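Trainee:
2 protein chains.
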Amino acid sequence: MEFEEAKIKFINTWGSLGTLWGINKAMAQIQALLFIATKPLSTEEIMAELQISRGNTSMNVRQLIEWGIVTKELIPGERKEYFSTEKDVQELARVIAKERSRREIQPVIKTLKEVSSIKDDGTQKTKELIKQTKALHELAETADTMLNKLVSQNQNWLTKSLLKMFK
Amino acid sequence: MEFEEAKIKFINTWGSLGTLWGINKAMAQIQALLFIATKPLSTEEIMAELQISRGNTSMNVRQLIEWGIVTKELIPGERKEYFSTEKDVQELARVIAKERSRREIQPVIKTLKEVSSIKDDGTQKTKELIKQTKALHELAETADTMLNKLVSQNQNWLTKSLLKMFK
DNA sequence: ATAAACTTTCAATAATTACTGAAAGTTTAA
DNA sequence: TTAAACTTTCAGTAATTATTGAAAGTTTAT
Chain A
1 MEFEEAKIKF INTWGSLGTL WGINKAMAQI QALLFIATKP LSTEEIMAEL QISRGNTSMN
61 VRQLIEWGIV TKELIPGERK EYFSTEKDVQ ELARVIAKER SRREIQPVIK TLKEVSSIKD
121 DGTQKTKELI KQTKALHELA ETADTMLNKL VSQNQNWLTK SLLKMFK
Chain B
168 MEFEEAKIKF INTWGSLGTL WGINKAMAQI QALLFIATKP LSTEEIMAEL QISRGNTSMN
228 VRQLIEWGIV TKELIPGERK EYFSTEKDVQ ELARVIAKER SRREIQPVIK TLKEVSSIKD
288 DGTQKTKELI KQTKALHELA ETADTMLNKL VSQNQNWLTK SLLKMFK
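Chains A and B supply the protein sequences, listed in that same order.
Read in our numbering, the first sequence has 28 at position 28, and its numbers run on one by one without any break.
Each position in the second sequence, counted from 1, maps to that position plus 167 in our numbering.
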């Protein structure tokens, strides 16, 4: 496998992975493209590389900027906007984990809390609903907290010592 | 909020959460329904509660069984099949994490490994591709290993002591 | 002020994914 | 062995989600 094939494979894999954690293919592919680019890319370049329309490119780049993983780069003397992505994987993981927690996990936790707090009317079915949603609520909170703490701790020693702990 | 409203809210929230981790709404809703049920449910009961067709119910229940989180319950004297889900959240989390790793994370890790192993032809762009995919590969492997180890350790003390550690 | 260079928006359309329902298949009881 | 009770399959259709492309909007240079 040489460069072009590897590049395409990487962009496609990353793209389809995107779909299953709730961001769309184009968005994930743009991020992948920028991630392996050696310099910031313009809208034109992104369009050409990924064979997607101007509108699609514009909307998805904007979303990536909202997520905080892509930034506009203003090149002196150039009219066009150029874009680049966070290149450090640890930082990337941190930002993604935080965004996903905020957008998806927190709302679910909120609902679980509400549902598990309904008045116990003494019936079997109400007891079960409360018990099970309470358990899920606790699990979700624990998982979310751990995920965030883990990725926040950028230090390599931590990851390594934890891994060792679990082996 | 009383029982019916809470129940509907829980099922819907769980259902829409499903979509964004790669299983469809009906599948997630069936699991949610079984999760708070006080007894195993038949296909008829699931259809009625969720207002979905027989075909849809059949296919999604089968998928849940494949995932290993729903089991057929044969009730003596009954012709119908009844279904119930894993009720322990820790065990549920363990099974889901394992399945997701197997279905989604492992294939990505494999691709990242392949891509990061291409021959270095000395060009800038090849060097960048190798460097970045290598970094992602390491991150993905670490994350996957940790996730699995974490959820495998069912013991509560571990979760608690880890949480304490990070606070 | 104008126009060229560029970006954003959004209605229309395409692509994907989920769902239905009826027919085919299977199991069980008599 | 038959038929009732039940489950599965899958072609057709519906619902959802992503993408296009052209018009509208914005910025900059002169």
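Glycine included, every Cβ here is placed at the ideal spot set by N, Cα and C.
Here the structure is a predicted model, which is why all the values come from computation and not from measurement.
Exposed or buried, P207 (chain B), counting other C-beta atoms within 10 Å across all chains shown (16 or more means buried)?
Mentor: buried
Trainee: Along the beta strand (DSSP E) that carries S84 (chain A), what are the first and last residues, could you check?
Mentor: Boundaries of the beta strand (DSSP E) around S84 (chain A): Y82 to T85.
Trainee: Identify the continuous beta strand (DSSP E) that holds T71 (chain A) and give its terminal residues.
Mentor: Segment V70 to E73, the beta strand (DSSP E) holding T71 (chain A).
Trainee: Would you please verify whether the beta carbon of M47 (chain A) is less than 7 angstroms from any beta carbon of chain B?
Mentor: no
Trainee: Am I right that V108 (chain A) and L184 (chain B) are in contact with their C-beta atoms under 8 angstroms? What's the rounded C-beta distance?
Mentor: 5 angstroms
Trainee: Is G182 (chain B) buried or exposed, if buried means 16 or more other CB atoms sit within 10 Å of its CB?
Mentor: buried
Trainee: If the criterion is Cβ atoms closer than 7 angstroms, does the pair T71 (chain A) and Q31 (chain A) meet it?
Mentor: no
Trainee: Could you give the DSSP three-state label for L208 (chain B): helix, strand or coil?
Mentor: strand
Trainee: Quick one: which chain B residues come within Cβ less than 8 angstroms of F10 (chain A)?
Mentor: T278, L279, V282, L296 and T300
Trainee: Could you check which residue in B:R270, B:K292, B:E271 and B:T300 has the C-alpha nearest to that of S284 (chain B)?
Mentor: B:T300
Trainee: Using a Cβ cut-off of 7 angstroms (strictly closer), state whether G18 (chain A) contacts chain B.
Mentor: no
Trainee: Let me know the secondary structure DSSP gives M194 (chain B) once reduced to three states.
Mentor: helix
Trainee: Between which two residues does the alpha helix (DSSP H) harbouring L231 (chain B) extend?
Mentor: R221 to W234
Trainee: Does the segment 290–306 of chain B come close enough to the segment 71–80 of chain A to have 3 or more Cβ pairs within less than 8 angstroms?
Mentor: Put simply, the segment 290–306 of chain B does not touch the segment 71–80 of chain A. Fewer than three CB pairs are less than 8 angstroms apart.
Trainee: Should T145 (chain A) be listed as close to the ligand FMN, given that the test is whether its C-beta is under 6 angstroms from any heavy atom?
Mentor: The ligand FMN is not part of this structure, which contains no ligands at all.
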